[in-house]
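If you're matching positions, the sequence shown starts at -11 in this note's numbering and goes up one per residue.
See structure below.
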Amino acid sequence: MTDQAVDTDGVQLSGRTPAECHFLGRTRELKELRADIERAGLNTLAGRKAPRARVLLIAGKPGSGRTALAEELVREVADRYDGGVLRARLSEPDGTPVPVERTARELLAALDLPSPPGAAEDELSEALRAALADRRAVLLLDDAAGAEQVDALLPDTPECLVVAVAGGPLTGISDVRPCTIGGLDTKSALELLTRHTGSVRITVDPRAAEGLVEECRAQPAALRLAGGWLAARPKAAVADLAKQLHTDGTDGTPLSRLFRLVHTSLPATAARILRLLSLAPAGLVDPHTASALAGCSVDGARTVLDDLVALGLLRSVESPLPQYEVPGALHPLLKAASEAEDRPAELQLARARMLERTVRLLQSCRAITETDDPEGREKLQAMPRALRFPNPRAAADWLTVRRPALLAAARLAVADGELDTLARRLMSQLVRAMVAHFGTPAAAADLYGIHRLVLDVAERRNLPREKAAALLNLADVDAQTGRTAEALVRYRAALDAGREANDPYATGRAMESVGGAHLELGDFDRAADWFGRALAQRLARDERADAARLYGRIATAHTYASRYGEALRHWRAAVAGHRKNGDVGAQARALSELARVQEYAGRPAESLRTCQEAVEWARRAEDVRLQAALQLRLADTLEHLGDPAAARLHRGAAERMLGDELPESDPEPEHGANACEIRSAPAED
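Below, the structure is given as structure tokens:
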């Protein structure tokens, strides 16, 4: 068993698997690092309290075992930090630095804390520091590309410990002494080989084994490949491998030479799959990804992946579902081999197959939630059995586990620039699957990032309709999280794009949202004006339901501006519109708001009659909560009119309707900047 949380884009909260606990060597380095934790810092020596967390730096080349050393150190000291262990990878597999914004968001998620969608890097970093201010936690920041990344994530408390892993010094972070590592000691290196080959071949020819260790410069990644090669050839002697390496020459690093040897010894199909894994998003692979890249069966792909794990070319990831990781030290070697041996057209075709498979899996993931609908069941049955999920829980688990790879696939597809049609379909299905399984609020941060990618493609391809949809979605999230001014700018841009696309939905939706933003900002005149423009468009298109709703929004703007005469006129128009449309519930709610404004306008008798009419329509609509709210309003109005006995009767009726759920006060009319539905970017389903 393990307490490891699912890895989300390189971030985990605590936990190690039993297999990872068999650590070898590095006794001296561990002793120095533990001592460095207790070492008095420069601030302490100067009589000042340390303002930030202690930073330990482990520096070494990829393949040197630097991450394993960091993990071992964290394991040894974790019991001193009751706030837990947070992990984050700060570089993509190809070496591209991960934006601080994304890392901070994932660390907050690992702490089960919300992060506002669309928040800037500084805001998220500050939220992370605030979350860690009263914790004793360890941050393991792996594969740091520069000091700026680490500095932005440092907790402002000396009670936390940061263990950073990088290729060299992190100039710019004060009071950090790097622990630079090279190869393992000979004894540990031989033991690592023994784990793969067994003890017999090492014991029979210890000199050859030591020579192989020297040939590998005692680098753990190279030794694992050497051990995997020998394990696959039980009859080969250690000297045979050393001889082959010597014959191969001295070009390149020991790791690259061993990789060439192992790669050329693989069957053609396995070698091709291995090379194509350099295209796997976030370096995370599952059997479906490998199957799509290579154009083979899922079962065949899984067999090859397991074989590659045995050879030290892949790592198996602890996960509820089969998942593998390309070691960071091998990723550039895989990429170079793929560029040398596979034609660009073949690589692009492999990317397209992978994206197409991902789109279909996302379609299936969403379809399993729609089995109550006959059309949804028909869609699901039409899919190949290998792409179907047995139940919604299995689909949600797959979506959760594969989330980092799916988001990375969207980013890579957009960055590619040549597969925009597939990228658009992928993002559309990813949005729909996330909303279906997680809900819009829970997935809002991821959805915001996806909508930004949609906007990038729309602008690059000059697709005004999709640009308008992306801008509307982004603006809605901005409005929901209190960034109303930013939302207003995006709503105006969406209006321009909608007009360019001649899209009446987008233009009407944008005009109404511009009005909502002005209403939220307290500019009631402009709010009423923009709602009026949206109303004119709806009336011209004979969209009666939307027109009736917009009469209500105009009335709300006038109410807030204390223009009660205009507000009453528009609420009456809203009531009439809902009555013609046969929307009993909407008619009851509009009558309720009309009664409210009549009371504001000093017409209690009219308000009483309107409220009684609203109660009747709410009863017909079977809206118990609205009936109760109206009964309370009737009670208040009757008290103002000097009839306390009747007021008590209505208040008692409300209590009988709702009991303990009795509303504390009358609900205010809805007027937020984003009080209309969110639409996902249009794309082929």
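Backbone N, C-alpha and C define an ideal beta-carbon position, used for all residues, glycine too.
Contact between the stretch 49 to 63 and the stretch 103 to 110 is absent, with fewer than three C-beta pairs closer than 8 Å.
Nearest neighbour of L335 by Cα position, chosen from E500, L265 and L302, turns out to be L265. Cβ contact annotation for A230 (same chain, cutoff 8 Å, sequence separation greater than five): A196, G199, L200 and E203, in chain order.
Contact annotation, L483 with A467: C-beta distance approximately 15 Å; criterion of less than 8 Å not satisfied. R514 has its alpha-carbon roughly 59 Å from the corresponding atom of L322. Bounds of any alpha helix (DSSP H) do not take in I46; it lies within the beta strand (DSSP E) bounded by R42 to A47.
By the C-beta density criterion, K455 is buried, having at least 16 other C-beta atoms within 10 angstroms. The three-state reading of DSSP puts P85 in strand, counting E and B together. In this structure, A324 sits away from G216, with a CB-CB distance that is not shorter than 8 Å. With respect to S352, L375 sits close: the two C-beta atoms are nearer than 8 Å. P166: member of the beta strand (DSSP E) spanning P166 to T168, first to last residue. In this structure L116 touches L141 by the C-beta definition: roughly 7 Å separates them, less than 8 Å.
Per the DSSP secondary-structure output, D130 pairs in a beta bridge with R77. Looking at the backbone, the Cα of A642 and that of A528 are separated by about 42 Å. A buried status is given to N461, since no fewer than 16 other beta-carbon atoms sit within 10 Å of its beta-carbon. Sixteen is the threshold: since fewer than 16 other Cβ atoms of the shown chains lie within 10 Å of the Cβ of P632, the residue is exposed. In this structure, P308 places its C-beta atom within 8 Å of the C-beta atom of D385. Exclusion of the five residues before and after R354 leaves R420, A421 and A424 as the residues of its chain whose Cβ lies within less than 6 Å of its Cβ.
Secondary structure of A317 (DSSP, three-state): coil. Assignment of beta-bridge partners to V151 by DSSP yields L44 and L128. Contact between L343 and L387 is ruled out by a C-beta separation of about 17 Å, above the 8 Å threshold.
For Q232, the CB contacts under 7 Å within the same chain, skipping 5 residues up- and downstream, are L249 in chain order. Within the same chain, and ignoring the five residues on either side of D131 in sequence, the residues whose Cβ sits closer than 7 Å to its Cβ are R77, L78, S79, V153 and G316. Annotation: V286 to P332 spans about 24 Å, alpha carbon to alpha carbon.
Membership of D294 in the alpha helix (DSSP H) is indicated by the continuous run V286 to A298. With a cutoff of 8 Å on beta-carbon distance, R526 and G496 are scored as near each other. Cβ contact annotation for R40 (same chain, cutoff 8 Å, sequence separation greater than five): L142, P143, D144, T145 and P146, in chain order. Each residue's CA atom was taken as its position, placing A125 and L95 some 12 Å apart. Per the DSSP secondary-structure output, S304 pairs in a beta bridge with Y312. When beta bridges are read from the DSSP output, V572 appears opposite no residue. With respect to A214, L246 sits close: the two C-beta atoms are nearer than 8 Å.
Taken in chain order, the whole alpha helix (DSSP H) runs of length 4 or more contained in the stretch 214 to 283 are 226 to 235, 242 to 253, 256 to 264 and 275 to 282. By the neighbour-count definition (other C-beta atoms within 10 Å, threshold 16), I169 is a buried residue. Per the C-alpha coordinates, the member of Q619, T235, A268 and R221 positioned closest to L254 is R221. In the structure shown, G520 adopts helical secondary structure according to DSSP, grouped into three states.
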